[in-house]
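Single-structure report; data block below.
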Amino acid sequence: MIEVSLLGPPRVERAGTLVGFDTRKAVALLAHLALADRPRPRDALADLLWPDNDIEHARGALRRTLSTLRAAIGPESLETTRDHVRLIKSQDLSVDVDRFRALVAEGDLDTAVDLFRGDFLEGFGLRDAPDFEDWARNQADSLRRELTSVLARLAAGLEEAGSEEAALVHVRRWLSLDPLHEPAHRALIRLYALTGDRAAALLQYRQCVRTLSRELGVSPLPETTELYEAVNTGTLVAAGAPPTAEADGAPERETEPTQTPFVGRNDDVRAVRAVYDAIDRDGRLAVVEGEVGIGKTRLVEELLVDLRKNGAVVLVGRAYEDEAALAYAPLVDALRTRLRDDARWVNDVPDRTIAEVSRLLPEIADARPERQAEGPGAEARFLAAVWDTLAAAVSGPVPGVIHIDNAHWLDEASLALLRYGLRRLAGRPLLVTLTWRTPAVHPIGSVVPEVARSGGAVRRLGRLDQDAIGELLASARPSADPKLARRLYDETEGVPLLVVEYLNALTIGAEENWPVPTGVNDLLRARLDRISDTAGQILAAAAVLGRSFDVDTVRAVSGRTDEETVASLEELVRRGLVREGALDYDFVHDQLRRLVSDDTGLARRRLLHARAARAVHGPAAVVARHLQLAGRDQEAAQAYVAAADQAGKVYANAEALEHLHAALALGHDNPSTLHASIGDLEMLAGDYDAAVRSYESAAADASTADLPGIEHRLGRLRHRRGEWALAEAHFRAALETLPPDQPAEHARVTADLSLTRHDAGDTAGATELARQALAFATESGDRRALGQAHNMLGMLATADGRLDDAFRHLTTGRTLAEQIGDLPGRVAALNNLALAHRARGELQPALELAGIALALCAQEGDRHREAALHNNLADLHHALGHPDESMRHLKAAVAIFADVGAPHGTDIDAADEPRPEVWKLVRW
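Counting in my numbering, the sequence shown runs from 972 upward without gaps.
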C-alpha cells in the first residue's frame, strides 16, 4: 500500500515505511501527477520542472527522475509512453487530496477536516522552477478555499444544533486560513457573544477592523458593524441562520436600464459591412475613428454580432492605456480567449509556427516546442508565425475578423506586427478592424495607407443628431415628453457617451424636470452611489487592475470571498457598470474605470496594487507596474529588468528600453549594468549620442570586473561614429584592464582595434592586430572570438586583393557564427563575403549574400548596419542594371543614415550633425 500525503509537508509511505527521494524534483513530479486529471505530456513536464535546460537535457532529466520515482512507488503505479506520463491510482495507491475531496462529497466533514493537516506541499518549493511554484501556489489556494467552505458548513451545523463551543473551534481555524474573510469574523464575533464571552467578541471586532484597514484599506461592512453594536449593547439574539462562507445577503435588486438601442449609425455600419462583403481571396482593413465617447467600440460590436450570426470567427483584442509598454498584450489576450473558447483550430497550424508563437503564448503548445535557432530572418519568422496563427484562429467557411479596440494605445511591438500583417493580406480572406481615437497623434495613424492598398475604408464617426437622440429617449422612457430630446441634445451636444449616461440617470428615477447631475463624472458618480459596499470594493479592485479581469483575480485583489465576489459582479453587470464577456469582465467604458480609480484613496490604491502584484499571473511588466504603484520600488525595479528581458526575447526593443529606464528611475541596485544594457539598445537604434551618455554613466558606476566590457562598448560606438582616436583609446583601456586569464575577451577587443586601425589607414598595424586576435581566440577556444578574428583577417585580405585567403577566412567565420547562433557575427561575415564576391566580379552571388545579411540585420535591429547593407545592395543592383531596385535600396539607406547618429531630440545644433563617417560604413 502506497500513501501519498500532500496536505502539509509532503511524505510518501510504502507498506508503512517512509520513502526517501534522491531529488526534490521527484517529489514535485509525483505531486503534479497526483493532481493531474489526465496524462501529462513529457515535454510539458520537462518544461515545468527544468525550464532553464534546453529540451534535450530537460528530457534526460525527466527520464532520470521518472526512474527514481518508479523505484520509490513501484513500476505498477506509473504509466509511461513515449509522449505522456500518468500516475495510476488504485486501491494500492492513495492520495490524501483525493481522500479529502471524497470525504467532503460523502458528507463526512469531521474526518475531512482532520485529514487536512496543513497547506498543500507545505514548506516545499523549487526555486529553479517558477512555473511549478505558481502551480503549487494555485493548488494550495484552491484547497485552502475548499477547507474554509467545509469548516463553515461544520460550524453552521454545530451552531444550529446549539453546540456553539464546538462551532468556535472550526470558525477559529476558518479565520486563521483566511484572515480577510469578513463573514468568518462575524461568525466568530457572534459565537463569542452567544457563549457568554462578550469581551472576546468585542476584541474580535477590533481585530477585524485592524485587519481590513491594514490589508485592504476598507472599513467593515454595515452588517459587521451592526453585529458589533448589538453585542456591545447586549441586544444580540441567537442567529436565525447559521454562519456560512457566503455573504449574509445579496444586494437589493433594482430595475436598471438595459443596453440602449443602436441608432444613428446605419450608414457607418453599412460602409464597414460593405468592406467585409467585398472580401474574396484577399483580406481587407477597416478603421473606425472618432473622439472620446463617440461610439466606436459599440459600432464595431454591433457589426461583429451580425457577422458571428453568419458564421464568421471573430478574434477581439483590446489595448489599454496602462499597458502601452506591454509587448503584444492585445494580441496575446485575443489568442488566449480564442484558445479557451475552442482550441481545435491549432491542429491545423504547423508545428514550427506554433513553436514561434509559444514565445508569446506558452499554453498554445501542449508540449514544449523545439524552436528554430536564431538565424536569418528570425524576427521576420517570428512575425510571420504570429500573423499566420492569428489568421488561422479566424479561418472558417466565411471570412473571419481580427478586431483591435483602442488601437491608439497599441504598444510598439503590436504596431510593428500589425504593419507587417497588413502588408500581407493577399491570400488571406479576413477583415481587420481597428478603432482609434482622434486626433490620431499616435503612430497607429501610419497604417492608414494600408486601407487604400487593401480596398478598405476609414469611417470617422460624427455626433448624434436630435432625431437619433429622440429615438433613444423614446426607447428608454416611452412616456417622456418628446421635447426632452431637445434638452438632451443641448446638454450633450450629441456625444453618445453623455447621452447614454443622461438616459441612465433618467431611467433609474430622476424626474423629467432635469434634477440630474451635469457632466459625465457626476452622472457616473450618481450611479456608483447606488451600489453596495462590497460591490464598491470589487469595483475598486477591478479599477486598480487596469484592464479586463477574471473572477479569481479580482477576488484575490479585493480580499472578498468567492460568494461576495460573484454576487457583487452580478450586481455590477445588472447595473450596467461592468460588462460580462465569455471568460472575463470589463468596465463598460474607460471613463468609468478612471473615475473609480481616482475616487479610491491613495493609501487604499497602494494596498490594492500590492495585492494585484501577488495575484496576477501575467508578464513581468504587469507585475512591475503594480509593484511600482504600490510603492515597492526595489521589487518593481527587479521586475522591470525581467520585463525588459521578456520584451527582448520577442524583439520588442522599444518596450525593453522603456522597462530598463523604469528600473533605473526606481533605484535599481545595479545601475551600471542597466546603463550598459540601455546603451546597447540605443546603439542598435542608432541613437549614438544617448548611447554614449549611457555607456559613460555605466563606466562611472562600474566595478573593476565590469569596466573592461564597458570600455569595449564605448570603443565600438566611437568607431561607428568614425572617431578613430577615441575608439582606439577605449579599446586600449579595455585591454589594459582585462585580466590576462580572459583570452577570448582579449581576442574580441583586439579584433575591433584592428578594424579601427584599418579604417584609420594603418593597414600593416591592422593586420598585425588581427593576427594577435586570432592567437588569443585560438588559445581560448571561444568560437565567437575565433569567428570575429577570421572575419577581420578575411576583410583585410579582400582589401589587399588576396581573395583566396579572404574566402577561406570569411567562410570559416560564417560557419562559426552559424554554429553558435552569433547573429551579428553572421551578418558581418555575409556582408564581407558579398564584398569579396563583388571584388572577384561575381555580382549575383554577392547580391544573394547581401540580401540574406540585410534580412538578418533587420531582425537584429542594428539600423546603422542595415543602412550600410541597403547601400551595398544599391551598388550591386546598379552594377547589374537594375535601376529601380538600386534606387529603392538607395532611398532606404539615405533615410536610415539621416537618422542614425543624429541627435534624438528637438534642440539640434549644427555642430551635432552626423559625421560623414557614419555614412561611409561599408564593411565591419
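Note that the Cβ used here is the ideal one computed from N, Cα and C, for glycine as well.
Predicted, not measured: the structure shown is a model, and the values here were computed from it.
So, at 6 Å on beta carbons, what are the nonlocal neighbours of residue i in its own chain, with the 5 sequence-adjacent residues on each side left out?
i, result
"Arg1030", "Ala1017"
"Gly1433", "none"
"Ala1662", "Gly1650, Glu1653, Met1654 and Leu1688"
"Asp1253", "Leu1396 and Ala1397"
"Ala1608", "Ala1634, Leu1637 and His1639"
"Val990", "Val983 and Ala1043"
"Leu1600", "His1580"
Are residue i and residue j closer than 8 Å when you measure CB to CB?
i, j, result
"Leu1159", "Val1180", "no"
"Thr1721", "Phe1747", "yes"
"Arg931", "Glu1421", "Look at the range of the chain in this structure, 972 to 1895, and you will see that residue 931 is not part of it."
"Leu1118", "Asp1081", "no"
"Ile1903", "Arg1546", "Beyond the ends of the chain as shown, which are 972 and 1895, falls residue 1903; an answer cannot be given."
"Pro1400", "Pro1370", "yes"
"Val1372", "Leu1275", "yes"
"Leu1566", "Leu1631", "no"
"Leu1474", "Leu1499", "no"
"Leu1402", "Tyr1247", "yes"
"Glu974", "Ser1065", "yes"
"Ala1527", "Arg1582", "yes"
"Ala1076", "Phe1091", "no"
"Gln1759", "Gly1796", "yes"
"Leu1174", "Leu1139", "no"
"Leu1187", "Gln1110", "no"
"Glu1294", "Ala1300", "yes"
"Asn1803", "Arg1719", "no"
"Glu1273", "Arg1431", "no"
Buried or exposed: which applies to residue i, given that a residue is buried once 16 or more other Cβ atoms fall within 10 Å of its Cβ?
i, result
"Ala1218", "No answer about Ala1218 holds up, because its pLDDT of 44 lies below 50 and its placement is not dependable."
"Arg1339", "Residue confidence is low: Arg1339 scores 46 on pLDDT, short of 50, so the model does not pin down where it sits. No coordinate-derived value is stated."
"His1588", "exposed"
"Arg1691", "buried"
"Asp1067", "buried"
"Asp1085", "exposed"
"Glu1472", "buried"
"Gly1693", "buried"
"His1028", "exposed"
"Ala1164", "buried"
"Lys1620", "exposed"
"Gln1898", "What the structure shows of the chain is the stretch from 972 to 1895, and residue 1898 is not part of that stretch, so it cannot be assessed."
"Leu1278", "buried"
"Gln1605", "exposed"
"Gln1062", "exposed"
"Lys1454", "exposed"
"Pro981", "buried"
"Glu1223", "Confidence is the limiting factor: at Glu1223 the pLDDT is only 49, short of 50, which leaves the residue's position unreliable and the question unanswerable from this model."
"Val1271", "buried"
Using C-beta distances below 7 Å, list every residue in its chain close to residue i, excluding the 5 sequence neighbours before and after it, in chain order.
i, result
"Asp1555", "Ser1519, Phe1520 and Asp1521"
"Gln1437", "Ala1456, Arg1457 and Tyr1460"
"Val1263", "Arg1408"
Report, in whole angstroms, the separation of the C-beta atoms of residue i and residue j, which I expect to be a contact under 8 Å.
i, j, result
"Leu1840", "Ala1821", "6 Å"
"Ser1751", "Pro1714", "4 Å"
"His1780", "His1761", "4 Å"
"Ala997", "Leu1040", "5 Å"
"Ala1805", "Ala1817", "4 Å"
"Ala1290", "Asn1377", "4 Å"
Who are the near neighbours of residue i in its chain, counting only those whose CB is closer than 8 Å to its CB and skipping five residues on each side?
i, result
"Pro1193", "Asp1504"
"Arg1742", "Leu1764"
"His1152", "Thr1119, Trp1145, Leu1146, Ala1216 and Thr1532"
"Ser1184", "Ser1190"
Mind checking whether the beta-carbon of residue i lies closer than 7 Å to any heavy atom of the ligand NAP?
i, result
"Asp1312", "Ligands in the displayed structure: none, and consequently the ligand NAP is not present."
Using a Cβ-Cβ distance cut-off of 8 Å, determine whether residue i contacts chain B.
i, result
"Lys1454", "The displayed structure is made up of one protein chain only, and chain B is not part of it."
Those runs of the beta strand (DSSP E) which lie wholly inside the segment 1356-1419 and span at least 3 residues: 1371-1376 and 1401-1408
Secondary structure, beta strand (DSSP E): runs of 3+ residues fully inside the segment 1025-1067: 1049-1051, 1055-1058 and 1064-1066
Segments assigned alpha helix (DSSP H), at least 4 residues, entirely inside the segment 1750-1815: 1754-1770, 1774-1791 and 1794-1810
Alpha helix (DSSP H) segments (min. 4 residues) lying fully within the segment 1421-1466: 1437-1447 and 1455-1463
Alpha helix (DSSP H) runs contained entirely in the segment 1490-1576, provided each spans 4 or more residues: Whole alpha helix (DSSP H) segments, 4+ residues: 1491-1499, 1504-1516, 1522-1529, 1533-1545 and 1561-1570.
Minimum length 3: unbroken beta strand (DSSP E) runs contained in the segment 1598-1677: Restricted to the segment 1598-1677, not a single beta strand (DSSP E) segment is unbroken, complete and at least 3 residues in length.
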